[in-house]
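Residue numbering for the sequence shown follows the UniProt record's numbering, starting at 1 and increasing by one per position.
For glycine and all other residues, C-beta sits at the position ideal for the given N, C-alpha and C.
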Amino acid sequence: MNSNNKAHPFKVKLGFSSAADVVRDGRQGLRIPTRYGVDGSGGATETHWCDATDLAEDRSKIPGLSAGFDQIDLSGRENLQDVLAKVREAGELSDEHARLVRSEIQGKRFRLSDGRRLRVLFVAPEGFIMRRSGPNGLDVSSGQAMTERNGHKAADQVHGDQNVYGTPLKQMLKGAAPWLFRHNTLGRRNRLSPVCLLNLWLPLQQCTQPLTLADRRTVDVATQQLHYALPTGDFLDRNEDQALNDIWLFLHDRQQHWYCDSAMNSERAYVFETLGAPHGAATLPGEDIAESCYLALEKLELQIKAGEDVEPITPLPDLPPETPSSLRSVLEEADLLFSKAGGQASDLIVEHARALRQRLTRQSLEMRLVALVY
């Protein structure tokens with residue numbers, strides 16, 4: 001496998017809605033009709049390779065909440081890191097772990113990149129979930145059913161999590177959400193309130209399928225931001241009038257600018273605007289090879305456990321030059337294991353293969369915050 005790692009323009013592959021699916025919805029503007037029985041945030045109907053900034057190369061390029069998102073530092077919060085390590089090892093989020101994580105976030109203060117402070121007033125019980133996805137969007141759920149907390153795949157479609165004028169906020173806050181929360185929604189805005197509705201996205205590990213966010217200022221909301229009513233009945237127990245969640249989907253445009261962090265771990269987290277920040281899980285250059293690698297590692301484990309002879313394994317093909325170093329290092333380690341594993345069978349090889357598969361699996365937590373920004 002070629003280990004060439006020279007600098008190249010960085011691109012990520014993202015899923016979008018198609019202009020062919022857009023309908024007009026009276027005064028509401030543009031809409032994508034509700035689709036049932038699809039994964040993700042509505043089922044991406046087209047994908048594009050998009051220019052992006054990899055913040056792993058220079059985190060000073062984070063544009064901040066004025067663009068819709070920021071990062072916060074969690075590295076010094078030892079109790080939180082201990083809990084996150086247990087969640088990562090378990091591969092699922094228990095109610096007790098959720099309680100412990102919430103206790104380390106709610107009421108705490110964090111510094112934003114522009115020097116302002118963020119104080120978390122409340123962590124909502126709904127929307128606190130764990131996502132798991134393999135390289136190239138590979139399903140690694142092993143048949144695990146989706147519940148309110150677990151069994152969620154990476155959201156492979158660019159979306160915004162909530163319409164401030166829509167369900168369920170309009171029912172929960174009796175129509176007061178646009179006056180309570182700071183927002184900018186299709187020409188209607190609230191710039192005065194210091195109270196923000198934010199998502200906190202925390203990677204447990206993610207050398208594949210990184211969360212990728214757009215600078216909202218590069219998105220033409222009038223022509224690219226689309227109303228969508230997301231069915232929630234498969235994983236949320238809600239009243240009938242709240243069964244469809246009003247969110248946003250997006251069309252692709254070459255003028256949009258995207259950001260991801262290919263080397264992010266649990267020591268940092270994104271905070272981003274729940275009320276419209278475009279985001280989604282991206283596929284990185286090299287993830288098609290990472291998917292083949294994951295499956296080969298899985299096959300190797302099964303052969304050794306079954307007592308079968310391990311045949312020589314074909315080396316991995318050359319990686320695209322744009323492959324981030326965080327993914328490249330895992331694949332190079334796997335290639336070295338494959339070169340040693342042919343004809344051998346040992347518990348150490350099984351453990352190493354399992355550890356590499358886990359590192360290729362994106363695991364992340366996300367939760368919804370009510371916060372003061374000052």
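Check the Cα spacing between Leu-295 and each of Gly-307, Pro-278, Leu-316: the tightest is with Leu-316. Linking Ser-17 to Arg-119 through their CA atoms gives a straight-line distance of about 35 Å. For the 8 Å CB-CB criterion, Arg-117 and Arg-362 do not form a contact. Residue environment analysis places Pro-33 among the exposed positions, since fewer than 16 neighbouring C-beta atoms fall within 10 angstroms of its C-beta. As computed with DSSP, Trp-201 is found in a beta bridge with Tyr-270, Glu-366. Relative to Arg-217, the option among Leu-200, Thr-314, Pro-63, Leu-100 whose CA is nearest is Pro-63. Around the Cβ of Asp-161, a 10 Å sphere holds 16 or more other Cβ atoms; the residue is buried.
Of all alpha-carbon atoms in Val-158, Ala-277, Gly-29, Gly-26, the one lying nearest the alpha-carbon of His-48 is that of Val-158. With a beta-carbon spacing of about 7 Å, Tyr-165 and Thr-185 fall inside the 8 Å limit used to define contacts. Distances from the alpha-carbon of Leu-331 to those of Ala-154, Leu-275, Met-264, Thr-208 put Thr-208 closest. The C-alpha of Gly-143 lies about 43 Å from the C-alpha of Trp-179. When Leu-365, Arg-35, Ala-371, Val-22 are compared, the shortest CA-CA separation from Trp-201 is found for Leu-365. A distance below 8 Å separates the beta carbons of Leu-226 and Leu-251. Annotation: the continuous alpha helix (DSSP H) that includes Tyr-294 extends over 287-305. In this chain, the beta strand (DSSP E) harbouring Phe-122 covers 117-123. Taking each of Leu-169, Leu-244, Ser-326, Leu-356 in turn and checking the Cα distance to Leu-336, the smallest one comes out for Leu-356. Using a Cβ distance threshold of 8 Å, Leu-14 and Thr-323 do not count as a contacting pair.
Nearest in C-alpha terms to Val-140, of all of Leu-249, Val-101, Arg-359, is Arg-359.
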